[in-house]
Amino acid sequence: MSVWLPLVVVSAFWLVIGLGGPFLVPTGPNKGIVQTMIIMTAVCCWMFWILVYLHQLNPLIGPQIPVKTIRWISKQWGDAQGVLLNGTEKH
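Count along the sequence shown from 1, add 18, and you get the number used in our numbering.
Now the structure itself:
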């Protein structure tokens, strides 16, 4: 449920803005343009949000640090006691 709740709430929010906003535009010479702008703003904001949310939900690339680099960092920072040396831990 924790994944679906933000999807439903934010999607409902932008749906209300996109469908309800155009009815609140006062009559005038640019009413159609303003209504279109409200709808397009809601669609673009929702698309931006959903793409960012789904991208961070299951990242494809994680940090990959070579073992040699990890050993060097550990030695430089003074935490070389737990570093793997030749496949075994140094105690």
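Every residue, glycine too, gets a C-beta built ideally from N, C-alpha and C. Source: prediction; values computed, not measured.
Are the CB atoms of Ile57 and Gly38 nearer to each other than 7 Å?
Taking the sequence shown and counting its residues from 1, one reaches residue 57 at position 39. Taking the sequence shown and counting its residues from 1, one reaches residue 38 at position 20. Their beta carbons are not under 7 Å apart, which means Ile57 does not touch Gly38 by this criterion.
In chain order, what residues of the same chain lie with their CB nearer than 7 Å to the CB of Val61, ignoring the 5 residues before and after it?
Numbered from its first residue, the sequence shown carries residue 61 at position 43. Within the same chain, Gly36 come within 7 Å of Val61 by CB-CB distance, once the 5 residues on both sides are set aside.
Starting from Val21 and walking both ways along the alpha helix (DSSP H), at which residues does that stretch end?
Translated into the one-based positions of the sequence shown, residue 21 becomes position 3. No alpha helix (DSSP H) holds Val21; DSSP gives it neither H nor E.
List the endpoints of the continuous alpha helix (DSSP H) containing Phe66.
Mapped onto the sequence shown, residue 66 falls at position 48. Counting along the chain, the alpha helix (DSSP H) containing Phe66 begins and ends at Lys49 to Leu75.
Determine the DSSP secondary structure at Val28, reduced to helix, strand or coil.
By 1-based counting over the sequence shown, the position of residue 28 is 10. Assignment of Val28 by DSSP, reduced to helix, strand and coil, places it in the helix class.
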